[in-house]
Amino acid sequence: PLVATLASTDMGLLLRDDVFVDFFNTFLNLPVFGQTPIYISSTGRWDLWPELPSRLDPSPSALLAWLEKHRLPHFCKSSLCLHFVLCQKLLGFIRSGEAAKLLNWQSADRWLLEKCISGSQAMWRFRAFIQGMAGEELTNFWLTTERLLGLDESDARQRDLYLSLLHRLKATHLREGSSVITLCRTIAGLLPKARNVQPISTKREILSKMQERALFMIQSYWLPKFFIHCKKGMEEEKSCWPLLQEYQERLLRANSQEPSGFSENLFTMHIKRSQGLSGPYCSMKAKVEIWTLVKEGRDTQETKMPSFQVQPERQPAPAGSTKESHLDKDALGSIPQQSEHPANTAFGGKGGATSPKRPRPNAEQVLHLEDLCEEEVPSNLRSSAPLVQLPSLKQPVNTLSFLAWALSAETCAGRPFRDFLKRQDRSVETRLLDLWHDLEEFLPVALDPSKENSFFLRHLIGEKICQTYLEEGTIQQLPLEMRTLRNLRDHLISGEFSPWIFRAQKEICKVLCCFYEEFLADDDRTFLQYMVKGMH
90 PLVATLASTD MGLLLRDDVF VDFFNTFLNL PVFGQTPIYI SSTGRWDLWP
140 ELPSRLDPSP SALLAWLEKH RLPHFCKSSL CLHFVLCQKL LGFIRSGEAA
190 KLLNWQSADR WLLEKCISGS QAMWRFRAFI QGMAGEELTN FWLTTERLLG
240 LDESDARQRD LYLSLLHRLK ATHLREGSSV ITLCRTIAGL LPKARNVQPI
290 STKREILSKM QERALFMIQS YWLPKFFIHC KKGMEEEKSC WPLLQEYQER
340 LLRANSQEPS GFSENLFTMH IKRSQGLSGP YCSMKAKVEI WTLVKEGRDT
390 QETKMPSFQV QPERQPAPAG STKESHLDKD ALGSIPQQSE HPANTAFGGK
440 GGATSPKRPR PNAEQVLHLE DLCEEEVPSN LRSSAPLVQL PSLKQPVNTL
490 SFLAWALSAE TCAGRPFRDF LKRQDRSVET RLLDLWHDLE EFLPVALDPS
540 KENSFFLRHL IGEKICQTYL EEGTIQQLPL EMRTLRNLRD HLISGEFSPW
590 IFRAQKEICK VLCCFYEEFL ADDDRTFLQY MVKGMH
C-alpha cells in the first residue's frame, strides 16, 4: 500500500514530489503541533515557526531527521494522507492512456486538470463539488475502506478500530439502497456469505474489489464532471484567464510536454535564519501571541459590526496563522474515534454549502443555553470551515482559550496528543480525549439531517458514545459533572443534538489543558534536541 511505502521512504525523496509537499505542508501547519514548519519547494527553503533562537544554526539534515521520526509517522495515520493517496490515484488516471482513450482528453486537458486536482486545496474543492451527490458517498467509502484495508485485524491494538470501521461500512455504505451497493451489487452479494464462513482475507478481497469499482466511477465520471465545472468557473473569474489562455495555446500544440509532478529545481535545501530572536524557544507562547493578535483584530471588527444573537452551535474558528488551511472533519465520512485509532478522518470541507438548519431547542435547552454556550462568535464566518470553537477573547488569552481549536486540528493530524497521553500512561485523560473527538464527530451529523446516511450515523455514533463512556458502570470514571454526563446520555441515546455536548467538551478541555501544555513542552524539547545535534 502507498501509505506503508510513504512511511519507509527517505524524506528528501518525498519532498521532490510537489503534490506531497502541498499535503505535507498542510499537515505540518495543523495548530495542534508546537513547531509548524513550511517548505518552499521552489527555493528549497524551510521556514520555521516559532523561529529558533538566533544562536542556533541547524543543518537541513537535522530537520529532515526530526520530520521522519516525529511528523511523518503521524502524517501516515492522518486523513490528509488518505486524501493524498486518493489524489495520486486521480492523477495516475489523468496521466494514463486509458483516460485519454476513454474520455478523449488531449495533453492540454490533462495539464489543466492536473492543476485543478493537485494538492490539498484542490481536493478540498473536489470534495465540495461532489457534496450531496453519489460521488460523495463513493469517495467516503473509498477513503474509509482504504483506512480499513491498511489495518492488521490480527493485531490486538488495531482490531477495535478495524471492527469499528467494518461496522460503520455495514451500517452506511453497505446497506441496501446506498450508492455503493447500487454500483457494486454483484460483488457486494458475496459479503453476507463471507461474513461468517469465509476467512477474513476473502472479506478483504471483496472490499478491495468494491473499492476499485468505486474509484473507477470517481475517476471516469465524477472527475470529468469536476473538470467541466472548473473550466466554467475559470471562464467567470478574471484572475484565471491567463491560465485558460495558456490552456488554449496548449490545445493548439499536439505534443506539449507533460508535467512530471516532481520538483526539478537545483536549489540547495536550507533553513531560513532567525530574525534576531534571542529569547527562549516556546511554541505555546507563540500560539498565545497569535490569539492575542486575533483578539485585537476581533475587537476592532466588533466595533464596526451590528450586534448578533448567540447561537447554540459552534461556529468556525478564524485562521490561527497565515499558513492554516481550510479543513472540515466531517467531509471524509469520518472514521470512528476508538481505542488505538491512529487515523481519523478530517478533510475536505463543505464548499459553498449553506449552513444547515439547526434543531429548535426545547425548553430545557433554552433554560441552560447561556450557561452552555458562553462564547459569542461572529455570524459572518464561513459555514464551510471546521466546526471548532472560537477561544474566549473577552479575557487574556491562555492555553484553554485555544485548546478546542487545537483538538479539532488533532483529528486531522493522526492524533499526536493522544499518542502522548498513551505514552504517559494517562488512561483517564486518553478516554476523555476520545470522548471529546466522538462528540465532535457527532455534531456535524446531528446538525445536518439532510446529509446522506445522517440518520444511521447519528444513531450509530450516539449509541457508541453511550455504550463506551456513559453506561452506569463507566460513567463514574469520568472526572466531569454528573449532571452533564446524564443529560448528554439522555439525548445521545436517541441520536439527538443537545447543547450539553458543548458543556461536556468545555469540561473536558479544562481537564486536558495542563496535559496539552506538557505535550507542547515535550514537542519543543524533542525538536530542540534534534536541532542542537544538527548544528553546522
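Here this note's numbering is used: the first residue of the sequence shown is 90, the next is one more, and so on.
A virtual CB, placed ideally from N, CA and C, is assigned to each residue, including glycine.
Residue burial is scored here from C-beta neighbours: W155 has at least 16 other C-beta atoms within 10 angstroms and is therefore classed as buried. Taking C-beta atoms as the reference points, L332 and A197 fail to come closer than 8 Å. Taking a cut-off of 8 Å for Cβ pairs, the stretch 521-531 and the stretch 185-196 do not touch, as fewer than three such pairs fall below it.
In this structure, G503 lies away from H548, with their beta-carbon atoms at least 8 Å apart.
The criterion of a C-beta distance shorter than 8 Å is satisfied by Q594 and A493.
For R236, the uninterrupted alpha helix (DSSP H) run begins and ends at A223 to L238, by DSSP. In this structure L489 is in contact with K599, their Cβ atoms being roughly 7 Å apart against a cut-off of 8 Å.
Exposure of R144 is indicated by the presence of fewer than 16 other C-beta atoms within 10 angstroms of its C-beta. In the three-state reduction of the DSSP assignment, W213 falls in the helix class, which pools H, G and I. Under the three-state reduction of DSSP, P505 is assigned to helix.
Using a 10 angstroms sphere on the CB of Q220, the tally of other CB atoms reaches 16 or more, which defines it as buried. Per DSSP, the continuous alpha helix (DSSP H) segment holding I590 begins and ends at W589 to K622.
At the C-beta level, C205 and C319 come within 8 Å of one another. Under DSSP, D136 takes part in a beta bridge, and its partners are I127.
Secondary structure at P147: strand, using DSSP grouped into helix, strand and coil. A Cβ-Cβ contact shorter than 8 Å links W589 with T573.
DSSP, reduced to helix, strand and coil, places D244 outside both helices and strands of the structure shown, so it counts as coil. DSSP, reduced to helix, strand and coil, places H526 within a helical segment of the structure shown.
Burial check for C603: the Cβ neighbour count within 10 Å stays below 16, so the residue is exposed. Taking the Cβ atoms as the reference, L179 lies roughly 14 Å from Q300, outside the contact range of under 8 Å. Per the coordinates, the alpha-carbon of Q513 lies some 28 Å from the alpha-carbon of M100. A Cβ-Cβ distance of about 15 Å is found for the pair D136 and S372, leaving them out of contact under the 8 Å criterion. Straight-line spacing of the CA atoms in P538 and F544 works out to 7 Å. The beta carbon of S363 sits closer than 6 Å to the beta carbons of E140, L141 and S143 from its chain, once the five residues preceding and following it are set aside; these are given in chain order.
If you ignore the 5 residues before and after L609, its C-beta comes within less than 7 Å of the C-beta of G123, S372 and M373, all in its own chain and listed in chain order.
For S185, there is no enclosing alpha helix (DSSP H), since its DSSP letter is neither H nor E.
D107 carries a helical assignment under DSSP once its states are collapsed to helix, strand and coil. Secondary structure at H548: helix, using DSSP grouped into helix, strand and coil. Rounded to whole angstroms, the gap between the alpha carbons of K166 and L617 is 24 Å.
In the DSSP secondary-structure assignment, H159 is not bridged to any residue.
Counted as a single uninterrupted DSSP element, the alpha helix (DSSP H) harbouring T94 occupies residues L91 to A96.
With at least 16 other beta carbons inside 10 angstroms of its own, K553 counts as buried. In summary, T132 is exposed, with fewer than 16 beta-carbon neighbours lying within 10 Å of its beta-carbon over all protein chains present.
Between the alpha carbons of H172 and L567 lies a distance of about 35 Å. DSSP, read as helix, strand or coil, puts H359 in strand. Taking a 10 Å sphere around the C-beta of L191, we find fewer than 16 other C-beta atoms and assign the residue as exposed.
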